[in-house]
Each structure stands twice: as structure tokens, then as C-alpha cells.
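Protein chains in written order, with the working numbering: chain A, 1 to 243; chain B, 244 to 511; chain C, 512 to 726.
Structure, as C-alpha cells:
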């Protein structure tokens, strides 16, 4: 693992979504420098106090109160949600900027993109220093033509619905739950919207089933949209220009 | 590799995943004593608490500035750039994955075309004659990156101006090419950024561009035009260089904080 | 924090036979953290939890909410049944009524099953005006589905997490229905970044036009 600092419990679940090779990505190791603290009913929990216990361990080495542990779990879940929102927001933003879409599909990308960006902003604000950093994406041509865009959007929205369903009942705090419920409700609308544009039945089943963390990570990895190879655009070589 | 195939795979996996039921059925109490109010049973419903607000979610954010956005992508696979978006078209130049500075090669893309199901991109190329463009298969490039900035260099006025979303954010005087080795005119882009090298004549920081000069004989394919600092600030502004754009060192440092890779460069 | 639950008990409302809702909040804090992050209440905190739930695994509050939601599903099922038997729908609105009606019936069935077999009585509704054309049907469906979405959202915190897991499977499908109906009505399927959450009272008020004549 090539990170400078140990993963915090809250970051781990979100990072695992982008943990493509089993090594944490370069971007995941850099947390934002905003010094935000997470407020809970007037009390301040120092966001950095979490320490190195990963959610996967189940119990932290940091002896915290049950409340602190509960908070850590919730923040880990919010980070997982943030990871998926980054994916969607970046996808729609790129699609809009590439400009290959027209008419109702372009409208969907514009409006849904605006929602996903708002979701990203909200989750980053709540998570503060604990928020995972935005990863780099390579959407591999899926934003370059309407057909690929549509197919990808259907997959991403349905995945988002399933993933939120898995996370919702795990959220300890009603405060966070309320927001997560409101967000996932919109994701259901997004899914129906793009499916209808793709000519597929917007609600194909009476029940949307949860998609496990492992499956979600697998599916995201299968897209290979998360890129660990960032362009290397700096160098210490002496310039050999004309001068 | 068929990228579309990955999406189909992911989508089908999702469909399968959605079919998996994770929760067991609820317990059944024999002869369950459920009360069955119609929705009009107001009394007990009033007892159900108000939902809490949760954390704040801001208003939807539409993208600003659709115009003035430039996109670039790294070159992941060496390929022949062609005159037209078809494999049978004559090649313009081979586009490699690395720049001479050892950085990832990248191209600014100004258009796209789909031919027989294959997406081609119209790319600016770092080859003479200057401001040459050519067509590359989309599949050899990596993920899109976007910049809102634009660098404008006016040779006659010896000025450099950086705009972001159409607004001026930086301006300075520069040294440009001597009459015998002029700075080329045209549309180019910033390719890479060099720092901490030991060549004081380039100052503390240099940017590589896609612009090339036919006037230097050291490079058979043409020399590379850079934007960099100097150890002779007294010469700036002026027609002093072999084609490069020279800034005084405080100015290049300031520019270094503002100029992203991939920024389009217009030299007039 | 636990503000919502706390408020409920402070409001003085006493649900007959209900355990204090504060207990639900306590059991959540005491729940051991497993790899999956969720452990059902039973057994985790021992006796405290056993008292909070009936043999069905539902708290009294759960039942209240599920009965309310079942009532909504009943309303939806009746509406779509009426629309289909009126026979005035064509094209995609017809397909919508068929598909969504089937799904609402499945939701109702699921909730009734969860409640132990006794569902809400079918109210008497007069949907005639609303099902006489594609346009009026779609307009009514939009109001109905949007309200049901917000009503479900408003109840999420009122049930135990276990029950939430059950009804969450329905909630996003209601969102899909709402988006579909809005699309049919020429409206933005998702007009805002966050969906509303309304309490039961507000839901009933919003549905009043559709209920007119309900028992």
C-alpha cells in the first residue's frame, strides 16, 4: 500500500470502492485540508481523532464510546455513498462537457448531473476532513456517444439504487438517515428516468434489492472507470527547448 | 478491447445482483393482531413523528461556462495520427506516449467523429508545420480532462495573458523570439511542467508546449517552444529568444500557480 | 442525534401498548459491530430488545407505520385497478397502469405479509373523474406517486432498521413510479436534488382529492 497516512475507519469503506488493485489509490491517500469538524447536536467530534482502525476489523483499537464507534460507522457509510456520487457526478459532468448528447438525453445529463454534484457537495460538507478525495476517472469513451452514455447511465443509476439500499438500514444516526433517504429517493427517480429514455421499463421489478458492498465494488471495478494511472505531467528534467 | 463489453457485463451483473434477496421473510405471528385502519385513521397517524431534516443538501448545481472549456486526454497507446478519421488515410505523424521530457504525452481534442462504429478524435499535434491537427482513434487516449483556462501571447505587444472562464486572471510582459528565430503563431497547448532542474537560463519553472520551431538546427524535427523563466530579466520585454516565451522569474512562479496542463495557447 | 425519537416521547403522545421509542435508539447504540455492520436487535442487547418487539419482530411503532403504508399501497392498487377497468387508457399510460398496478399489489402483499396477514380494508374511492382519459390519469398518478414517495421517506426514521430494510426495497420502486408518471406528464422526472419527506398527516392532506369518498 502506497499511502502516506494510515486509512481512517471512516475513509476505508469509501476507499475500498476504488481499491482497484488492492492497493489504495494515490488519490485516496490524500485527504482534503479543510479543517472541518463534524457537529453532532452541538458537540464537536474532532474528525481527525478516529485513528487507524478500519471498519473491516469490526472493532477499533481506539477505545471509544459506543457512540464514537457508531459515528465512525456512519461516516464510513457516508464515504461509500460519496464514492458512488463522485462516480456519477463525474460521469454526467464529463458527458455534458463532451457535448455528444442532444435533446432529452442531454437534458437528463444536465439535470441529473446537477443533482449528483449537489449530493457530492453535501456529503463532502458532512464528512469534512474525513471525506475521501475525488478519484480520477477514465470513462473510456462512454461519454463520447449517446448510445454508450445511455447504457452506462442505466447501469450506474441502478447500481446506485441497490447500493444505497444496502447501506440505509446500517446508518445509526437518524440525522444521517434522513438525508440518505432523501438522496436515495432521488436516485430511484434518476434510474427510472434514464431507463425510460433508453426504452426500458422504468420499474422492472416490484422490489429493488440491496447490492452488497462486495458486489458494488466488483461492479465498479468491472467498469474500470477508476483510473490509478494519472497522467504524469511534471518532470525535473532540464528543459531542452529552443530557449 | 471492447469497452462497450465492460458496460454490458456490468449491467448484466447488476441485474443479477438485483435479483438476489438478502433479507429473510419476517416472522409470522399466528393470528396476527394487526389493526387495519384505512388511511383515514387520523388519530394514530398524528402520533407518528415528523421526519428530521438530515444534513443540508445544496441546490442542484448546473455547470457554468459551457463555452471556453478545452478537453485533453493522455496518450495511452502510440498511434498514427491521420489526415482524416479513417485507417486508410495518410498518416500525419506518429504520436507517442511520452514527451521528450519524459512526461505523459497528451493531446488537446477539438472534435470527434464516429466512422463505422469507431470513434475518432480530432487532435492538435506537436509537429511541424505548426498548429497541425490530425485524427486519432479514441481508444488510444485515456480519460478526458477539462480546463477552463486560455493562454494568449501577443508577440507584437510582448504580452502574456491568462484567462479563466473568459476573465483575465494574470498578465505579464514577455520576451519573444528574435526576428531570425521567431516564436511561431498559431493554436497550441501546454504539455508539461518542469521544475527543480539545474539550468538557470530557464529560471525556476518551465512549461512545455506543443509549439515547435523550424529555426533551430539542433533538432532535426524542429525545436520545442517553452514558456519559462530567465537569468536575464533585463531583456524582458523584448525580441530576445530562440522562439521560447520568457518571463521574469516572479512572473513565471505566479503563472505556475495558475496554469493547468492542457491549457490552450494562442500565439498571435 | 436522537432528537427525533426524543421529541416523540416529549410530545406527550402515548401509543397504546407501545414501548418507549427511546429504547429503539438505545438498542441501536448497543448493537455489536459486525463485519456487515448490522446485527438484528434480537439477542444483541438481551432482554431490553425482547421487550421492545412483539413475537413478529415488529415494534408497535413498526406496526403503526406499516399499516399506514399498507393503506397507501391499497389506495394505489385501487386507483390502478379502477383505471384499468375504466378502459380509457391507451399507449404508454396503459402500460404504466398495468405494470405499476401489478407492483403496487405486490407491495401491498408484502406489507400485509409483514404485518401477519391482516391488511387494510379497501376503502370506497371514486376515481371516475381521474381515469377517464390518459391525461387525467397521468396527472392523478403523478400526485399519488409523488405523495407516496414523500410519505415513505417521512416514515423511514419511525421504524426499526430491520423494518426499514424491508420497506426500503419498496421505496425506490415508488420513486421509479413517480418519475415514470412525471415523465408521462411531460414533467421533469426528478425535479429536485433531494426528495421531500412528509409526515403522515401531510400525506393524507395531499391525498385528500384522491380519497374523496373513502370510508
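Positions of the beta carbon are idealized from the N, C-alpha and C atoms, including for glycine.
| Item | Value |
| --- | --- |
| Enumerate in chain order the residues of its own chain whose CB-to-CB distance from residue 42 of chain A is below 6 Å, with the five nearest sequence positions on each side excluded. | Reliability of the predicted coordinates at residue 42 of chain A is poor, the pLDDT of 26 falling under 50, and the value obtained from them is presented with this limitation in mind. If we look at residue 42 of chain A and ignore the five residues flanking it on each side, it has no Cβ neighbours. |
| Between residue 92 of chain A and residue 134 of chain A, how many whole angstroms is the CB-CB distance? I'm expecting something under 8 Å. | That pair is no contact at about 14 Å. |
| Report all residues from its chain with a CB closer than 7 Å to the CB of residue 116 of chain A; omit the five preceding and five following residues, and keep chain order. | 85, 88, 89, 92 |
| For the stretch 641-666 of chain C, which residues have a beta carbon sitting closer than 7 Å to at least one beta carbon of chain D? | The chain labelled as chain D is not found among the protein chains of the depicted structure, namely A, B and C. |
| With a threshold of 9 Å between beta carbons, is residue 554 of chain C in contact with chain A? | Any answer about residue 554 of chain C is weak, because its pLDDT of 35 lies below 50 and its placement is not dependable; what the coordinates show is given next. Not one chain A Cβ lies under 9 Å of residue 554 of chain C. |
| Indicate whether at least one CB of chain A lies closer than 9 Å to the CB of residue 614 of chain C. | yes |
| Just the Cα atoms here: how many angstroms apart are residue 353 of chain B and residue 507 of chain B? | 11 Å |
| Rounded C-beta distance between residue 178 of chain A and residue 294 of chain B? I'm assuming under 8 Å. | 6 Å |
| Can you check whether the CB of residue 406 of chain B is closer than 9 Å to the CB of residue 415 of chain B? | no |
| Could you check whether residue 591 of chain C and residue 615 of chain C sit closer than 9 Å to each other, using their CB atoms as the reference points? | yes |
| Let me know the secondary structure DSSP gives residue 659 of chain C once reduced to three states. | helix |
| Looking only at C-alpha atoms, which of B:399, B:501, B:435 sits nearest to residue 418 of chain B? | B:399 |
| Please report the residue range of the beta strand (DSSP E) in which residue 90 of chain A lies. | That residue, residue 90 of chain A, is in no beta strand (DSSP E); its alpha helix (DSSP H) goes 66-98. |
| Residue 451 of chain B and residue 349 of chain B look like a contact to me (Cβ under 8 Å); what is the Cβ gap, rounded to whole Å? | About 11 Å; that fails the 8 Å criterion. |
| Where in the stretch 386-435 of chain B do unbroken runs of the beta strand (DSSP E), each at least 3 residues long, occur, reported from the N-terminal end onward? | 388-390, 392-397, 402-407, 410-416, 418-420 |
| Among the residues of its own chain, which have a CB less than 8 Å from the CB of residue 716 of chain C, if the five just before and after it don't count? | none |
| Under 8 Å, with one C-beta from each stretch per pair, do the stretch 356-365 of chain B and the stretch 432-446 of chain B reach the 3-pair mark? | no |
| What does residue 680 of chain C reach in chain A if we use C-beta pairs closer than 7 Å? | 165, 207, 208, 209 |
| Looking at the unbroken alpha helix (DSSP H) that takes in residue 602 of chain C, where does it start and where does it end? | 602-626 |
| In angstroms with no decimal places, state the Cα-to-Cα distance between residue 699 of chain C and residue 579 of chain C. | 28 Å |
| Using 8 Å as the cut-off, can you tell me whether the stretch 322-334 of chain B makes contact with the stretch 368-388 of chain B, which would need three or more C-beta pairs spanning the two stretches below that distance? | yes |
| If you follow the beta strand (DSSP E) that residue 481 of chain B is part of, which residue opens it and which one closes it? | 481-484 |
| Distance check for residue 114 of chain A and residue 121 of chain A, CA to CA, integer angstroms please. | 11 Å |
| Buried or exposed: where does residue 331 of chain B fall if 16 or more other Cβ atoms within 10 Å of its Cβ makes it buried? | exposed |
| DSSP has residue 235 of chain A in a bridge; who is on the other side? | B:437 |
| Strictly under 9 Å for the Cβ-Cβ distance: is residue 201 of chain A near chain B by that measure? | no |
| Is any heavy atom of the ligand COA found at a distance shorter than 8 Å from the C-beta of residue 601 of chain C? | Absence of the ligand COA from the depicted structure is noted, as is the absence of any ligand whatsoever, leaving it without description. |
| Is there a Cβ of chain A sitting closer than 9 Å to that of residue 578 of chain C, yes or no? | no |
| For residue 471 of chain C, which option in A:188, A:195, A:197 has the closest C-alpha, if you only look at C-alpha atoms? | One cannot answer for residue 471 of chain C here, as it falls past the ends of chain C, which runs 512 to 726. |
| Kindly indicate if chain A contains any beta-carbon less than 9 Å away from that of residue 668 of chain C. | yes |
| Answer yes or no: does any C-beta atom of chain B fall closer than 9 Å to that of residue 194 of chain A? | no |
| Under 7 Å between beta-carbons, which chain A residues line up against residue 344 of chain B? List them in chain order, please. | 235, 237 |
| For residue 734 of chain C and residue 718 of chain C, what's the separation of their Cα atoms in angstroms? | Because chain C is modelled from 512 through 726, residue 734 of chain C falls outside the range shown and cannot be assessed. |
| Which residues does DSSP list as the beta-bridge partners of residue 469 of chain B? | B:451 |
| Quick check on the burial criterion: 16 or more other C-beta atoms within 10 angstroms. Buried or exposed for residue 229 of chain A? | exposed |
| Are the CB atoms of residue 192 of chain A and residue 690 of chain C nearer to each other than 9 Å? | yes |
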